[in-house]
Each structure stands twice: as structure tokens, then as C-alpha cells.
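Undergrad:
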Amino acid sequence: MPKKKVEDQKLCPECGSDNVIYKRKDDELVCKDCGMIFSELTPDDEKQFENASGVM
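Sequential numbering from 2 applies to the sequence shown in my numbering.
As C-alpha cells, then:
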């Protein structure tokens, strides 16, 4: 199964919420609604997520 691109990961796979944030300190994606940690990012993925989400 191919890895889903970070910029395509806008919904939490657990609850379906689009309230997903990237926690740079912990290097992970977290759903702010249900609290699920659902992805750790590689440096390349981190850059793609920041570009897609507008994180500076």
C-alpha cells in the first residue's frame, strides 16, 4: 500500500475531523478533536505538511 502524502492527510483517520495540527516539537500530526496521534513525519513530509497547511 503506497504511503499517503502528508498534504493529502487533512482528516483524522479515527474521527474524520479536519482539525489536524502538526506538533513540530514532537514531530507528529495530532487531531485536536479526538486527540489521536496518527502520523510521525520524515523531514521531507514535515516540509510538505508545512507548505500545505501554511505553518511557518
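Built from N, CA and C at the ideal position, the CB exists for glycine as well.
Would you tell me roughly how many angstroms separate the C-alpha atoms of Ile22 and Glu29, rounded to the nearest one?
TA: Those two C-alpha atoms are separated by around 8 Å.
Undergrad: In this structure, how does DSSP classify Glu124 when only helix, strand and coil are distinguished?
TA: Because the chain here runs from 2 to 57, residue 124 falls outside it and cannot be looked at.
Undergrad: In whole angstroms, give me the CA-to-CA distance for Leu12 and Cys35.
TA: Using only the alpha carbons, I get a separation of about 12 Å.
Undergrad: When you compare only the Cα positions, how much space is there between Asn20 and Pro14?
TA: Cα to Cα, the separation comes out at about 12 Å.
Undergrad: What does Lys24 pair with, by DSSP beta-bridge criteria?
TA: Answer is Glu29, bridged to Lys24.
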